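Peer 1: Residue numbers (my numbering), protein chains in the order written: chain A, 1 to 482; chain W, 1001 to 1482.
There are 2 protein chains.
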Amino acid sequence: MSDAANFIAAASALLGARGFTTDPEMMEPWLTDWRGRFSGSAIGIASPASTAEVAEFAKLCAHYTVPIVPQGGNSGMSGGATPDQSGASVLLSLRRMDAIRSLDPSAKEVVCEAGVILQNLHEAAEQHDLRFPLTLGGKGSATIGGLISTNAGGTQVLRHGTMRAQVLGIEAVMPDGGIYNGLTALKKDNRGFDLKQLLIGSEGTIGIVTAANLRLVGAIGERVVAWVGLDSISAARQLLLRFEKGMSDALEGFEVVPEHCLDSVLAHLPDARAPLAQKYSWNALIECVTGESDATELREAVEAELVAAMEAGLIRDAVIATNESQAEQFWLLRDSIAPAERAIGPAMQHDVSVPVDRMPRFVDYAIPAVEEAYPGVTGVAFGHLGDGNVHFHVLAPTGATPGQWELEEGKKISAFVHDLVTEFGGSISAEHGIGQLKRDELGRLGDPVALSIMRRVKAALDPHDLLNPGKLVPLAPDGTKS
Amino acid sequence: MSDAANFIAAASALLGARGFTTDPEMMEPWLTDWRGRFSGSAIGIASPASTAEVAEFAKLCAHYTVPIVPQGGNSGMSGGATPDQSGASVLLSLRRMDAIRSLDPSAKEVVCEAGVILQNLHEAAEQHDLRFPLTLGGKGSATIGGLISTNAGGTQVLRHGTMRAQVLGIEAVMPDGGIYNGLTALKKDNRGFDLKQLLIGSEGTIGIVTAANLRLVGAIGERVVAWVGLDSISAARQLLLRFEKGMSDALEGFEVVPEHCLDSVLAHLPDARAPLAQKYSWNALIECVTGESDATELREAVEAELVAAMEAGLIRDAVIATNESQAEQFWLLRDSIAPAERAIGPAMQHDVSVPVDRMPRFVDYAIPAVEEAYPGVTGVAFGHLGDGNVHFHVLAPTGATPGQWELEEGKKISAFVHDLVTEFGGSISAEHGIGQLKRDELGRLGDPVALSIMRRVKAALDPHDLLNPGKLVPLAPDGTKS
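1) Would you identify the three-state DSSP class for A/Trp227, choosing helix, strand or coil?
2) By how many angstroms is the C-alpha of W/Ala1125 removed from the C-alpha of W/Asp1249?
3) Would you mind stating whether W/Phe1382 and W/Cys1261 have Cβ atoms separated by less than 8 Å?
4) Give me the DSSP bridge partner(s) of W/Ile1170.
5) Identify the contact partners of W/Asp1249 in chain A, using a Cβ-Cβ distance below 7 Å as the criterion.
6) With 16 other CB atoms within 10 Å as the buried threshold, where does A/Gly487 fall?
7) Identify the contact partners of A/Thr422 in chain W, using a Cβ-Cβ distance below 7 Å as the criterion.
8) Shortest alpha-carbon distance to A/Asp440 belongs to which of A/Ala415, A/His464, A/Arg215?
9) According to the Cβ coordinates, are W/Pro1360 and W/Arg1444 closer than 8 Å?
10) Using only the alpha-carbon positions, how far apart do W/Pro1105 and W/Gly1073 sit?
11) Give a yes or no on whether 8 Å exceeds the smallest Cβ distance from A/Leu195 to chain W.
12) Using a Cβ-Cβ cutoff of 8 Å, what residues of the stretch 431 to 447 of chain A are near chain W? List them in chain order.
13) Name the chain W residues that come within less than 7 Å of A/Ala460, Cβ to Cβ?
14) Please list the residues of the stretch 151 to 163 of chain A that have a C-beta atom closer than 7 Å to any C-beta atom in chain W, keeping them in chain order.
15) Does any residue of chain W have a CB that is nearer than 8 Å to the CB of A/Ser519?
16) Just grab the DSSP bridge partners of A/Glu222 for me.
17) Pick helix, strand or coil for W/His1268, following the three-state DSSP scheme.
18) Listing by chain order, which chain W residues have their CB less than 8 Å from the CB of A/Lys188?
19) A/Gly178 touches chain W at which residues, Cβ-Cβ below 9 Å?
20) Starting from the Cα of W/Gly1345, find the closest Cα among W/Ser1264, W/Leu1136, W/Thr1290 and give me that residue.
21) Which residues mark the beginning and the end of the alpha helix (DSSP H) in which W/Ile1043 is found?
22) Using the Cα positions of A/Gly379 and A/His160, report the straight-line distance between them to the nearest angstrom.
23) By DSSP's criteria, A/Thr143 is part of a beta bridge. Which residues make up the other side?
24) With a threshold of 8 Å on Cβ separation, who are the neighbours of A/Ala347 within its own chain once the five nearest residues in sequence on each side are excluded?
25) Could you please tell me which residues of the stretch 95 to 106 of chain A, in chain order, have their CB closer than 7 Å to any CB of chain W?
26) Measure the alpha-carbon distance for A/Ile8 versus A/Ile43 and round it to whole angstroms.
27) Just the C-alpha distance for A/Trp282 and A/Trp405, rounded to the nearest angstrom, thanks.
28) So which residues of chain A does W/Ala1185 contact, with C-beta pairs closer than 7 Å?
29) So what does DSSP say about A/Val354, is it helix, strand or coil?
30) According to the Cβ coordinates, are A/Ile208 and A/Pro355 closer than 8 Å?
31) For the alpha helix (DSSP H) containing W/Arg1299, list its first residue and its last residue.
32) What residue from W/Ala1277, W/Ala1373, W/Ala1004, W/Glu1300 has the CA that sits closest to W/Thr1488's CA?
33) Taking just the CA atoms, how far does W/Glu1300 sit from A/Gly386?
34) Cα separation between W/Leu1239 and W/Val1289?
35) Leaving out five residues on either side along the sequence, give the residues of the same chain with a beta carbon under 8 Å from the beta carbon of W/His1122.
36) Going along chain W in order, which residues have a C-beta closer than 9 Å to the C-beta of A/Asn181?
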């Protein structure tokens, strides 16, 4: 038998029919990312049922030098879970490892396997009057392993932090099949390099996360959601500072939506209504929460902040959702921006961040800059003002050819935007990761010392480049891997 | 000239008379740790004045293969900043780099050089009605660089986390003299491995922290401090859970003090008085804070929690400090335990942690276990219940010979305690780090996969073992470094 045939035989023997397949029809949905931007091929798909099976499978792959591409819900934004087109690697799906191993309501800890879907974790926590304080659009498919490997963000980062802040412990399989057992949650532990932190956000390039111990927080009793009209993003930033000071830990979300985005959403959603009677250059969507079942006090506090901001001339108009259904409508407007903008035509979308206090300056500078450099395009920026995280979209000129425009002018525009972000001291990937989408850009713009450290850590922990090769870690300037 | 003489000449030329000395009298205070447990010697002491000088000096050391031992305030607990006795290495003091480069009150960020003393940072923050939310006994000498390199803890971890939670950005010099510039604070940044996290707690073994961007929080308006008498540490844990639920983010500290420790302190401090009329097996010291200048509401809330706990039969007695001076007296009792216990006679002190909910079981099990295994000794456990961090002291039998007892029976007792901690899933170093004190114990008891990863990361980033050799990273089972 050929090496490949031997590997397939050994993998089938190890994992059984449910755990390993080379059937093209079974594999097909997982070889292209959900947005259809990256496609690859693979020897097969392994779906081990336990950490021990992952470890044995990793040893097998090491023996046959078959690269492993770990995959969770296949809902990533940067092609990090899609294999290359060589067909030499094997896809390792963690989806069968979907057990919640334990949930301790008094310690507020839950131990999840990597394949647990975020929505299922939310529901498990709710049964104990607790919640897992991270959520995002893909919650119905995104898995815990993927969320950790990409250090996912979402709409609650302002108050609760990214995935990094939720992880109390990690279990992972290393490239040689060794199992790193760091699941036990210790509030204080100074026994050297924090390997848990090293694995978070490493996109499966140095270890395969198989389980995690995650923190839970108290359930939300009620929320108060407000929609505010403003003249500028600077005013929104001032309003954010007031809310941070006045509302303290009740503030859960602070999103900004420019007029263009709101118009696009209203055109895209036939039943949607604008929350305010007039149009404003900028809108802010603010969410405050309380653990109490009565939101009267919180609502009064939000009202008082808004009245004071109005009297200070900071905001033009504001409305507080009168019930949960209206609150959901406000959020629907925010969450529909990406699809609404996509419906207009081709666009380059950039998930970038800058220091929070520089975000207004960045937006006010970058939009006219890109529109001047590339006549006909429209720049729009919206998103998580409280996190300094801008979703910066550049819409193609009318009449641009979809497919062609992105590959030609679009690519130059992205480089232009990334250059600007770097000048502002920001990050070319705020929450979507690097994957294969931004690897070359990271190599072009990253701190050379930081990139050199990354390459050396990668080579030390995965000397044969068997874990998710071609992802995240840029090549050296001379084109080599280290 | 010899290599050593060449190195000294080059270092003197680079750093000048203020920046480099080989004068034995100048060097002497820094070659022994503050508790006098570790002594070493060195070629000289370098005290660079800038990051650029640190980088040039590191290149010089690399050229001459002279190992560097970084040092801050020389107030570490594990000998991590003391060179070995070979005299082959050079001490690198960061104390001259003591500038606060910037403090932004609206962003609540402060950029400190490594040599800034904690107390000075506290004072700088206070001038802006802010505070740096980490403090510990050595605040008058401990430096920011040392606090980061050891991921220091202290008495506010329950609410604010260890040093790791305070660090927004890091600047560091790598062993080859490269400068890693990661000072800019980004709330979201997914550009690969988090090198900042890797450097925190690495005890100067892979990079020299030269500056950091740290978070600040709002100043405390008032505090409410209570002293509580209880029958068991389990009851203290139940009380902690009630406070965590009821007081939410107002709870800043929750310490436990057994009867034996309180007795020792009262004998040690002639003017001290017991806060409660009767004696109890266990005492809890609880601190809650508010940003308001009026503590009436907070005091009422604390009182209500204590009354409810009393009615539930959880606590025996309690008193709330009536003023700031009494609050300080309560804390003085807690802070005097270590010196009071030392005054009694020889003791082995262990800074260990277990999962928070296992701490009562651990204490109730470990004290009789050690007293049975080593007849005549007295086990006492006190400390940060809210963090699962026990300071576990074992006092020598009456008549034991100081100096001799520690080296003989004491060493066995420490191994016994560390074995127990490991069985409970805990850490042999909660907040004091590994240094040279616990390196062999970490090698004996650490997860072999984790230790192998640590060794490989160390070798990748410091291939010639020039940064703080002999510290933190245990040798491989075969006695080699990797």
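Just so you know, even glycine gets a beta-carbon here, dropped at the ideal spot from N, CA and C.
From a predicted model like this one, the values you see are computed outputs, not experimental measurements.
Peer 2: Well, looking at it:
1) Taking the first residue of the first sequence as position 1, residue 227 of chain A is located at position 227. Here A/Trp227 sits in strand by DSSP.
2) Against the second sequence, residue 1249 of chain W aligns to sequence position 249. Against the second sequence, residue 1125 of chain W aligns to sequence position 125. Approximately 21 Å, taken between the alpha carbons.
3) On the second sequence, position 382 is the one that residue 1382 of chain W refers to. On the second sequence, position 261 is the one that residue 1261 of chain W refers to. Cβ distance < 8 Å, so W/Phe1382 and W/Cys1261 count as in contact.
4) As a position in the second sequence, residue 1170 of chain W is number 170, starting the count at 1. Answer by DSSP bridge pairing, in chain order: W/Gly1182, W/Ala1212.
5) Start at 1 with the first residue of the second sequence, and residue 1249 of chain W comes out as number 249. Chain A residues near W/Asp1249: Asp249.
6) Because chain A in this structure spans residues 1 to 482, residue 487 of chain A falls outside the shown range and cannot be described.
7) The sequence position of residue 422 of chain A within the first sequence is 422, counting from 1. Per Cβ cutoff of 7 Å: no residues; A/Thr422 is ~11 Å from chain W at best.
8) Your numbering for residue 440 of chain A matches position 440 in the first sequence. The candidate whose alpha carbon is nearest that of A/Asp440 is A/Ala415.
9) Along the second sequence, one-based indexing puts residue 1360 of chain W at 360. Along the second sequence, one-based indexing puts residue 1444 of chain W at 444. The answer is no: Cβ separation not under 8 Å.
10) Taking the first residue of the second sequence as 1, we reach residue 1105 of chain W at position 105. Taking the first residue of the second sequence as 1, we reach residue 1073 of chain W at position 73. Cα to Cα, the separation comes out at about 27 Å.
11) Your numbering for residue 195 of chain A matches position 195 in the first sequence. It does: the Cβ of A/Leu195 has a partner Cβ on chain W nearer than 8 Å.
12) Glu431, His432, Gly433, Ile434, Leu442, Gly446, Asp447
13) The count along the first sequence starts at 1 and reaches residue 460 of chain A at position 460. Result: Arg1456, Val1457, Ala1459, Ala1460.
14) Asn151, Gly153, Val157, Thr162
15) Past the boundaries of the shown model lies residue 519 of chain A; chain A is included only from 1 to 482, so the question cannot be answered.
16) The residue labelled residue 222 of chain A in the question sits at position 222 within the first sequence. According to DSSP, A/Glu222 bridges with A/Thr290.
17) By one-based count along the second sequence, residue 1268 of chain W stands at place 268. Here W/His1268 sits in helix by DSSP.
18) Translated into the one-based positions of the first sequence, residue 188 of chain A becomes position 188. Going along chain W in sequence order, the residues near A/Lys188 (Cβ under 8 Å) are Gly1153, Val1157, Thr1162, Ser1353, His1384, Asp1387, Gly1388, Asn1389, Ser1427, Ala1430, Glu1431.
19) Taking the first residue of the first sequence as 1, we reach residue 178 of chain A at position 178. Ordered by position in chain W, the residues that pass the 9 Å Cβ test against A/Gly178 are Pro1448, Val1449, Ser1452, Ile1453.
20) Position 345 of the second sequence, counted from the first residue, corresponds to residue 1345 of chain W. Nearest of W/Ser1264, W/Leu1136, W/Thr1290 to W/Gly1345, Cα basis: W/Ser1264.
21) The sequence position of residue 1043 of chain W within the second sequence is 43, counting from 1. Element bounds for W/Ile1043: n/a, residue is neither H nor E.
22) As a working mapping, residue 379 of chain A is identified with position 379 in the first sequence. As a working mapping, residue 160 of chain A is identified with position 160 in the first sequence. Each residue's Cα considered, the two are about 30 Å apart.
23) Counting from one through the first sequence, the residue named residue 143 of chain A turns up at place 143. Answer is A/Ile117, bridged to A/Thr143.
24) As a first step, residue 347 of chain A must be located in the first sequence, where it is residue number 347. Answer for A/Ala347: Glu341, His393, Val394, Leu395, Ala396, listed in chain order.
25) Ser106
26) For the purposes of this step, residue 8 of chain A is identified with residue 8 of the first sequence, where counting begins at 1. For the purposes of this step, residue 43 of chain A is identified with residue 43 of the first sequence, where counting begins at 1. Going from the Cα of A/Ile8 to the Cα of A/Ile43 covers about 8 Å.
27) Position 282 of the first sequence, counted from the first residue, corresponds to residue 282 of chain A. Position 405 of the first sequence, counted from the first residue, corresponds to residue 405 of chain A. Answer to the nearest angstrom: the Cα atoms are 29 Å apart.
28) As a working note, residue 1185 of chain W is residue 185 in the second sequence. Within chain A, the residues near W/Ala1185 are Pro355.
29) By 1-based counting over the first sequence, the position of residue 354 of chain A is 354. Here A/Val354 sits in coil by DSSP.
30) On the first sequence, position 208 is the one that residue 208 of chain A refers to. On the first sequence, position 355 is the one that residue 355 of chain A refers to. No, Cβ-Cβ distance for A/Ile208 and A/Pro355 is not below 8 Å.
31) On the second sequence, position 299 is the one that residue 1299 of chain W refers to. Taken as a continuous stretch (DSSP letters only), the alpha helix (DSSP H) holding W/Arg1299 covers 1296 to 1311.
32) Because chain W is modelled from 1001 through 1482, residue 1488 of chain W falls outside the range shown and cannot be assessed.
33) Mapped onto the first sequence, residue 386 of chain A falls at position 386. Mapped onto the second sequence, residue 1300 of chain W falls at position 300. A/Gly386 and W/Glu1300: Cα-Cα distance of roughly 34 Å.
34) Indexing the second sequence from 1 puts residue 1239 of chain W at position 239. Indexing the second sequence from 1 puts residue 1289 of chain W at position 289. Going by the C-alpha atoms only, they are around 17 Å apart.
35) As a first step, residue 1122 of chain W must be located in the second sequence, where it is residue number 122. Answer for W/His1122: Arg1131, Phe1132, Thr1135, Lys1139, listed in chain order.
36) Taking the first sequence and counting its residues from 1, the one referred to as residue 181 of chain A is at position 181. Under the 9 Å cutoff, chain W gives Asp1447, Val1449, Ala1450.
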